[in-house]
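>
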Amino acid sequence: GAGVSQSPSNKVTEKGKDVELRCDPISGHTALYWYRQRLGQGLEFLIYFQGNSAPDKSGLPSDRFSAERTGESVSTLTIQRTQQEDSAVYLCASSPTSGPSYEQYFGPGTRLTVT
Amino acid sequence: AQSVAQPEDQVNVAEGNPLTVKCTYSVSGNPYLFWYVQYPNRGLQFLLKYITGDNLVKGSYGFEAEFNKSQTSFHLKKPSALVSDSALYFCAVREGDTGFQKLVFGTGTRLLVSP
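Same order as they appear, the protein sequences are chains A and B.
Counting in the numbering used here, the first sequence runs from 14 upward without gaps.
Counting in the numbering used here, the second sequence runs from 251 upward without gaps.
#1: With a threshold of 16 other CB atoms inside 10 Å of the CB of Leu333 (chain B), please say whether the residue is buried or exposed.
#2: Taking 8 Å as the threshold, find out whether the stretch 286-298 of chain B comes into contact with the stretch 251-264 of chain B through three or more Cβ pairs.
#3: Just the C-alpha distance for Val354 (chain B) and Leu338 (chain B), rounded to the nearest angstrom, thanks.
#4: Report the CB separation of Tyr103 (chain A) from Gly16 (chain A) in whole angstroms; it is logged as a contact under 8 Å.
#5: When the Cα atoms are used, what is the spatial distance from Ser336 (chain B) to Tyr115 (chain A)?
#6: Quick one: is Phe78 (chain A) near chain B, going by C-beta distance under 7 Å?
#7: For the stretch 60-76 of chain A against the stretch 269-282 of chain B, do three or more pairs of beta-carbon atoms, one drawn from each stretch, fall closer than 8 Å, so that the two count as touching?
#8: For Val127 (chain A), count neighbouring Cβ atoms within 10 angstroms of its own Cβ and tell me buried if that reaches 16, exposed if not.
#9: Looking at Gly309 (chain B) and Leu298 (chain B), is the spacing between their C-beta atoms short of 7 Å?
#10: To the nearest angstrom, report how far apart Thr322 (chain B) and Ser278 (chain B) are at their CA atoms.
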């Protein structure tokens with residue numbers, strides 16, 4: 014079946030502009046995660062959605078970052094007033110539930126470059 | 251808080267030789283351990299996981315990992331490396347049996363398999 018999809022695959026934006034990144038999880042997956050991967054570094058957790066529960070936003074680095082999810086479907090990550098340090102690959106993942114034993118399925122990522 | 255360490259930035263091995271990619275973890279409770287692989291310009295792919303039971307876990311593409319509680323390690327292994335195994339490998343750990351516990355990733359180890 015279809016995996017996790019993300020769009021756009023690449024985004025170049027000017028410093029100070031807002032960007033919106035999209036994630037389509039695997040159908041039926043109730044849990045959705047956003048991560049940031051800076052060049053040469055590991056994955057940094059940003060935010061987590063589980064069904065209709067309040068999201069866990071503990072990883073968002075600043076109030077310029079926000080995310081929404083409509084039910085158990087599409088999610089958008091918005092970065093306002095982008096800065097050069099926001100340049101990274103943003104990865105989305107989904108899993109059937111949020112249980113600790115479930116592996117996460119990752120999308121191909123969106124490479125964001127802030128000039 | 252849980253953490254994971256991958257002490258080697260890069261591992262070089264000749265095709266046909268056995269390979270080991272090291273991972274150690276730190277958690278206060280029961281660990282749930284995962285290995286993911288990332289090919290260039292692609293998202294992470296799940297390889298294998300340890301939840302409970304046998305300490306030797308077998309996964310995709312001939313990879314296996316050994317859970318060692320006393321040494322708090324979860325090294326990834328393969329008896330005979332292929333050039334196509336060359337990629338970036340991430341170890342991840344999650345603790346806790348209830349509620350949301352984020353998945354914490356190591357910084358990654360680049361595996362280079364030479365012909």
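Each residue gets a CB set at the ideal place from its N, CA and C atoms; glycine is no exception.
So, to answer that:
#1: Looking at the sequence shown, residue 333 (chain B) is not Leu but Val. When all chains shown are included, Val333 (chain B) counts as exposed.
#2: no
#3: 16 Å
#4: The Cβ separation is near 16 Å, so there is no contact.
#5: 26 Å
#6: no
#7: no
#8: buried
#9: yes
#10: 11 Å
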